[in-house]
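Numbering (the working numbering), first residue to last: 2 to 210.
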């Protein structure tokens with residue numbers, strides 16, 4: 002579908018995207034004394050040991066560890082609870098370990114992990130998961146609360162769930178429309194429409210830079 006945006010409209014959209022990405026910075030690494038931190042240490046050791054026998058891609062360890070901050074950010078956007086979000090990431094990484102010999106490479110790995118995380122979240126919601134127990138020692142220093150960042154997040158929270166999820170997957174996480182469509186199980190054009198609606202709503206709510 003051809004784009005009929007003017008150059009000014011394209012510039013406004015680009016500035017809006019920059020504000021969104023600044024509003025949702027990647028989370029910091031989990032503290033070593035948390036469940037996720039301990040699990041990551043075990044996973045790293047297991048991947049190192051597996052690499053000796055060469056049953057997995059040589060880059061899988063780095064790829065998985067590098068994606069943890071993005072997985073934590075996406076999980077937090079779904080659950081709105083840091084402890085539950087880290088549990089979702091932990092479950093996702095364990096499933097990745099189980100499938101380590103068949104994991105895709107490159108951008109496809111991120112899409113695969115996001116899809117697993119989302120399915121896990123929806124399954125837990127349907128199952129009526131118990132409230133998580135608060136755990137100390139995992140403050141996210143990378144998520145500071147400037148007025149601009151708070152304004153962006155408040156505006157995003159006012160979007161519909163479908164628009165919000167699509168916006169975060171494509172704009173913040175940088176996934177393709179096709180990957181986002183596969184994750185949320187809808188047509189690419191539906192993703193495009195939700196994204197346009199979200200951008201239009203945010204442009205009205207947030208105003209010019």
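Backbone N, C-alpha and C define an ideal beta-carbon position, used for all residues, glycine too.
*Which term fits residue 131, buried or exposed, when burial requires 16 or more other beta carbons within 10 angstroms of its beta carbon?*
Residue placement at residue 131 is flagged as unreliable, the pLDDT there being 46, under the threshold of 50; a coordinate-derived value is accordingly withheld.
*Just to confirm, are residue 203 and residue 156 a CB contact at a threshold of 8 Å?*
In this structure, residue 156 lies closer than 8 Å to residue 203 by Cβ.
*Measure from the alpha carbon of residue 66 to the alpha carbon of each residue in 76, 79, 44, then state which is nearest.*
44
*asked:* Just to confirm my understanding: we take residue 37, look at its own chain, exclude 5 residues before and 5 after, and list those with CB closer than 7 Å. What are they?
replied: Cβ within range, chain order: 31, 87, 90, 91.
*Using three-state DSSP, classify residue 166 as helix, strand or coil.*
helix
_My output table needs one value for residue 120: the three-state DSSP class, helix, strand or coil._
Looking at residue 120 - three-state DSSP - the assignment turns out to be helix.
*If you pair each beta-carbon of the region 169–186 with each one of the region 102–117, do three or more pairs fall below 8 Å?*
yes
*Using DSSP with H/G/I as helix, E/B as strand and the rest coil, what is residue 44?*
helix
*Would residue 167 pass as a contact of residue 192 if the rule is Cβ separation under 8 Å?*
yes
*Below 8 Å between beta carbons: does that hold for residue 72 and residue 93?*
In this structure, residue 72 sits near residue 93, with a CB-CB distance shorter than 8 Å.
*Using beta-carbon positions only, say whether residue 104 and residue 69 come within less than 8 Å of one another.*
no
*Under three-state DSSP, which class holds residue 67?*
In the structure shown, residue 67 sits in a helix (DSSP, three-state: H, G or I).
*Could you check the C-alpha separation between residue 95 and residue 77 for me, to the nearest Å?*
18 Å
_Taking its Cβ as the centre, do 16 or more other Cβ atoms sit within 10 Å of residue 138, making it buried, or is it exposed?_
Its pLDDT being 35, under 50, residue 138 is placed unreliably by the model, and the measurement read from it follows with that caveat. Counting the other Cβ atoms within 10 Å of the Cβ of residue 138 gives fewer than 16, which makes it exposed.
*asked:* Classify residue 176: buried if its beta carbon has 16 or more other beta carbons within 10 angstroms, exposed otherwise.
replied: Classification for residue 176: buried.
*asked:* Taking 8 Å as the limit between beta carbons, can you name the residues of its chain near residue 22, skipping five residues before and five after?
replied: 172, 173
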